[in-house]
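In what follows, a structure is listed as structure tokens, so that the remarks can point back to it.
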Amino acid sequence: MILLGFLLLENGSHITSQTATFVCESFHAPEGSFDSAKILVTGQSHIGRVASLFFPLNATVYVDGIVYDFYSIGELGQLLPSSQWLTFPLPTETSGVSPWTPKIESYRTFDYPQSPQTKSGLAYVDKIYVISDPTLHDRIENIKRMFVRHNIPPDSIEWRLGRWNRATCTSKKYQEEVYRTLNLEDGPLGDEAAHRYCAVTMKHVEIWQEIAANSSTLSLILEDDAVFVSFFKETFDWFVYTAIRTGTLKTDPSNCASGRVHVSKNEWFEQDPAFVIGSCVGLRDSSFSSNVPNAHPLLSTHKEKFSRCAHAYLLNSCSARALLKQLHVQKYKFLVINGLQTYLGLLSPTLQPFWLDPAIVYQGNTVLDLDEIPSFRRSMP
Numbered sequence: 001m002i003l004l005g006f007l008l009l010e011n012g013s014h015i016t017s018q019t020a021t022f023v024c025e026s027f028h029a030p031e032g033s034f035d036s037a038k039i040l041v042t043g044q045s046h047i048g049r050v051a052s053l054f055f056p057l058n059a060t061v062y063v064d065g066i067v068y069d070f071y072s073i074g075e076l077g078q079l080l081p082s083s084q085w086l087t088f089p090l091p092t093e094t095s096g097v098s099p100w101t102p103k104i105e106s107y108r109t110f111d112y113p114q115s116p117q118t119k120s121g122l123a124y125v126d127k128i129y130v131i132s133d134p135t136l137h138d139r140i141e142n143i144k145r146m147f148v149r150h151n152i153p154p155d156s157i158e159w160r161l162g163r164w165n166r167a168t169c170t171s172k173k174y175q176e177e178v179y180r181t182l183n184l185e186d187g188p189l190g191d192e193a194a195h196r197y198c199a200v201t202m203k204h205v206e207i208w209q210e211i212a213a214n215s216s217t218l219s220l221i222l223e224d225d226a227v228f229v230s231f232f233k234e235t236f237d238w239f240v241y242t243a244i245r246t247g248t249l250k251t252d253p254s255n256c257a258s259g260r261v262h263v264s265k266n267e268w269f270e271q272d273p274a275f276v277i278g279s280c281v282g283l284r285d286s287s288f289s290s291n292v293p294n295a296h297p298l299l300s301t302h303k304e305k306f307s308r309c310a311h312a313y314l315l316n317s318c319s320a321r322a323l324l325k326q327l328h329v330q331k332y333k334f335l336v337i338n339g340l341q342t343y344l345g346l347l348s349p350t351l352q353p354f355w356l357d358p359a360i361v362y363q364g365n366t367v368l369d370l371d372e373i374p375s376f377r378r379s380m381p
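The numbers in the sequence shown follow UniProt numbering, run straight up by one, and end at 381.
Structure (structure tokens):
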């Protein structure tokens, strides 16, 4: 097992000799370990508690297929997730638990039956899509390793590797298809950013089309630099059952919002839900106790800011249709996927984005990557 000097570092600060001695003695690290970023340690049960004493609020570190943040670092070396997640109970865990409830005026609870068996093992998830490029071998292999690490079968992934890349997305041969799919205004595609991110945006929208065409209860969309927190599978299931219990997610994929509804920014029940479970820019809901390491998780509505980060989110067939319907209301200038999601979410009369805090997925190019995935510092081709 490997623990890292990152536990004690932020913004280039240095480990003091006093702290180094304490950590080495506590974890039986060999003398002189601090001449590199990695510190060999044993797997004592107290390692996470000690590590959390030094872990900065906005730090994220990826090692051995797991990303640790301020809220999960205490799980380092532990056999079970942190107890604060018990406020998001499974159907079998309600005894003696006070489940979290949203702070809304007309709150009510809903039945949340056990999920049918899924290929991925994630509750109610019909499909897992991963967006990548065939040239990014290291990211593709990292996703596979990470899925195995979290007991999710890699063969449950629906890969979206081709055919879109910078060359095809900006070529005259495919211009008509790109402009039709994204409903773009006539004229040049845009600046350098548009050329770089056209392919990624096309892959996202084509996934929306597939989800909309199928009866999907829930589909998980990931980009290839998504990295999971510890106990991802467990926390994911707790989140899904809480979404059902609180009325944000319907298990009937045909139960879409009425066309007569125009959801408000706080609408909780009569909407087509999208769920953002990732973060890459440090955004959290204002009601989340972000400075508390064992803060209780929560869901929050974000009608005005769908895309905290587009590398990890969920749609069902209703919300995918809502996005596509709004996309074709009028022509747009090209927007990268984050901006497009937020713009469509704001304008759609039925779509309601929800954020999960704390996030359970981060973006590989924003973390301290001790697994050393080479292309985490590069953009998509």
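Ideal placement from N, C-alpha and C gives every residue a C-beta, glycine not left out.
Taking C-alpha atoms, which residue in 113, 128, 112 lies nearest to residue 119? Counting from 1 along the sequence shown, the entry for residue 119 is found at position 119. Nearest option by C-alpha distance: 128.
Under 8 Å, with one C-beta from each stretch per pair, do the stretch 215 to 229 and the stretch 251 to 265 reach the 3-pair mark? Contact between the stretch 215 to 229 and the stretch 251 to 265 is present, with at least three C-beta pairs closer than 8 Å.
Got a sec, what are the start and stop residues for the alpha helix (DSSP H) residue 212 sits in? The sequence position of residue 212 within the sequence shown is 212, counting from 1. Element bounds for residue 212: 192 to 213.
Once the 5 residues before and after residue 283 are set aside, which same chain residues still bring their CB inside 7 Å of it? Looking up residue 283 in the sequence shown gives position 283. Closer than 7 Å at the Cβ level, and outside the excluded window around residue 283, lie 308.
Can you give the Cα-Cα distance for residue 374 and residue 139, rounded to whole angstroms? Here residue 374 refers to the residue found at position 374 when the sequence shown is read from its first residue. Here residue 139 refers to the residue found at position 139 when the sequence shown is read from its first residue. Approximately 8 Å, taken between the alpha carbons.
Do we get a CB-CB distance below 8 Å when we pair residue 165 with the residues of chain C? Here chain C cannot be found, since the structure has a single protein chain.
Given a cut-off of 8 Å, decide if residue 188 and residue 276 are closer than it, judged by their beta-carbon atoms. Here residue 276 refers to the residue found at position 276 of the sequence shown. Here residue 188 refers to the residue found at position 188 of the sequence shown. Remark: C-beta atoms of residue 276 and residue 188 do not approach each other more closely than 8 Å.
Sub-8 Å separation of residue 346 and residue 323 beta-carbons: As a position in the sequence shown, residue 346 is number 346, starting the count at 1. As a position in the sequence shown, residue 323 is number 323, starting the count at 1. Their beta carbons are not under 8 Å apart, which means residue 346 does not touch residue 323 by this criterion.
7 Å CB neighbourhood of residue 367 in its chain, flanking five on each side removed: Within the sequence shown, numbered from 1, the residue matching residue 367 stands at position 367. Correct list, in chain order: 60, 61, 62, 67, 227.
Let me know the secondary structure DSSP gives residue 380 once reduced to three states. Within the sequence shown, numbered from 1, the residue matching residue 380 stands at position 380. Confidence is the limiting factor: at residue 380 the pLDDT is only 47, short of 50, which leaves the residue's position unreliable and the question unanswerable from this model.
Considering Cα atoms alone, identify which of 361, 296, 340, 339 is closest to residue 101. Position 101 of the sequence shown, counted from the start, is the residue given in the question as residue 101. Closest option to residue 101, Cα to Cα, is 296.
Looking only at its chain, what residues have a beta carbon closer than 8 Å to the beta carbon of residue 153, apart from the 5 residues adjacent to it on each side? By 1-based counting over the sequence shown, the position of residue 153 is 153. Contacts found: 119, 120, 121, 147.
Between the stretch 177 to 184 and the stretch 85 to 93, can you find at least three pairs of beta-carbon atoms closer than 8 Å? no
Just how far apart, CA to CA, sit residue 336 and residue 246? As a working note, residue 336 is residue 336 in the sequence shown. As a working note, residue 246 is residue 246 in the sequence shown. Taking the straight line joining both Cα atoms gives about 32 Å.
Three-way DSSP call (helix, strand, coil) for residue 306 in this model: In the sequence shown, the residue the question calls residue 306 occupies position 306. DSSP places residue 306 in coil when its eight states are reduced to three.
Please go through the stretch 286 to 369 and give each complete alpha helix (DSSP H) segment of 4 or more residues, from N-terminal end onward. 317 to 327, 337 to 347
Check whether the Cβ atoms of residue 166 and residue 196 lie closer than 8 Å to each other. Within the sequence shown, numbered from 1, the residue matching residue 166 stands at position 166. Within the sequence shown, numbered from 1, the residue matching residue 196 stands at position 196. Cβ distance < 8 Å, so residue 166 and residue 196 count as in contact.
Three-state secondary structure (DSSP) of residue 260: Here residue 260 refers to the residue found at position 260 when the sequence shown is read from its first residue. Note: residue 260 maps to coil in three-state DSSP.
By how many angstroms is the C-alpha of residue 356 removed from the C-alpha of residue 199? Here residue 199 is taken as the residue at index 199 of the sequence shown, counted from 1. Here residue 356 is taken as the residue at index 356 of the sequence shown, counted from 1. In this structure, the alpha-carbon of residue 199 lies about 27 Å from that of residue 356.
Give the range of the beta strand (DSSP E) segment to which residue 272 is assigned. To locate residue 272, count along the sequence shown from 1; it is residue 272. Start and end: 272 to 276.
Does the ligand GTP have a heavy atom nearer than 7 Å to the CB of residue 235? As far as ligands go, the structure on display features none, and thus does not contain the ligand GTP.
Three-state secondary structure (DSSP) of residue 281: Sequence index remark: in the sequence shown, residue 281 carries index 281 (1-based). It is coil, neither helix nor strand.
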